[in-house]
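Visitor:
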Amino acid sequence: MERFTISLDDDLARQFDALIEASGYANRSEAVRDLIRSRLGSATLAQPVSKAQPSWCIATVSYVYDHHEHAVSGRVMNLQHDHHDLVISSMHTHLDHDHCLETVVLRGPVAAVQACAEQLVALRGVRHGNVHLVPLGPTDEHSHGASKPHRHFRPVN
């Protein structure tokens, strides 16, 4: 593990400590590591990608909608079916008599996942949409016993 020192003015240090406490971090180091991972992940996702080797990501897309608006339910379901190659799972949660929260997990090439996620939260009738993307990188090809050689994707950074 490498150590480094940073200097902050007193006001910024107080604000950071308040954020750390409110977020439940055990210490500044954990919070700084998460901030660095977040920025590195954003930078990775922002890099141009060639069509020959698209970079991959996994994403959670969450949104709220009124289930009495049946057209919204249909649009959401149709979009997920149109992108069945990206949709890994979805979870439907009843919030009250009218509203539902849906969380969808997408995995695939960054551009395709981003496009699908943006379409989901932009659907008419969808509210409180949020997208969280995590860049993925391939592991080395390997096999487990008699299985065929394959690769997995793991979070970058």
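The sequence shown begins at 4 in this note's numbering and counts up one residue at a time. Using N, Cα and C, we set each Cβ at its ideal position, and we do this for glycine too.
(1) When you compare the CB positions of residue 136 and residue 66, do they come within less than 8 Å of one another, or not?
(2) Less than 8 Å separating the beta-carbons of residue 88 and residue 111?
(3) Suppose the cutoff is 7 Å on Cβ atoms and the five residues either side in sequence are ignored; what does the same chain contact list for residue 30 look like?
(4) Go ahead and label residue 47 buried or exposed: buried means 16 or more other beta carbons lie within 10 angstroms of its beta carbon, across all protein chains shown.
(5) Is it buried or exposed, residue 158, if we count other Cβ atoms within 10 angstroms and call 16 or more buried?
(6) Give me whichever residues DSSP pairs with residue 111 in a beta bridge.
(7) Out of 69, 76, 81, point me to the one whose CA is closest to residue 101's CA.
Guide: Answer, in terms of the structure:
(1) Translated into positions along the sequence shown, residue 136 becomes position 133. Translated into positions along the sequence shown, residue 66 becomes position 63. No. Outside cutoff.
(2) Reading the sequence shown from its first residue, position 85 is the one you call residue 88. Reading the sequence shown from its first residue, position 108 is the one you call residue 111. In contact: residue 88 and residue 111 (Cβ atoms closer than 8 Å).
(3) In the sequence shown, residue 30 corresponds to position 27, counting from 1. Within the same chain, residue 30 has no close Cβ partners at all.
(4) Here the question's residue 47 lines up with position 44 in the sequence shown. Buried.
(5) Counting from one through the sequence shown, the residue named residue 158 turns up at place 155. Per the 10 Å Cβ criterion, exposed.
(6) Within the sequence shown, the letter at position 108 stands for residue 111. Its beta-bridge partners are 60.
(7) One-based indexing of the sequence shown puts residue 101 at position 98. Of the listed residues, the one whose Cα sits closest to residue 101 is 69.
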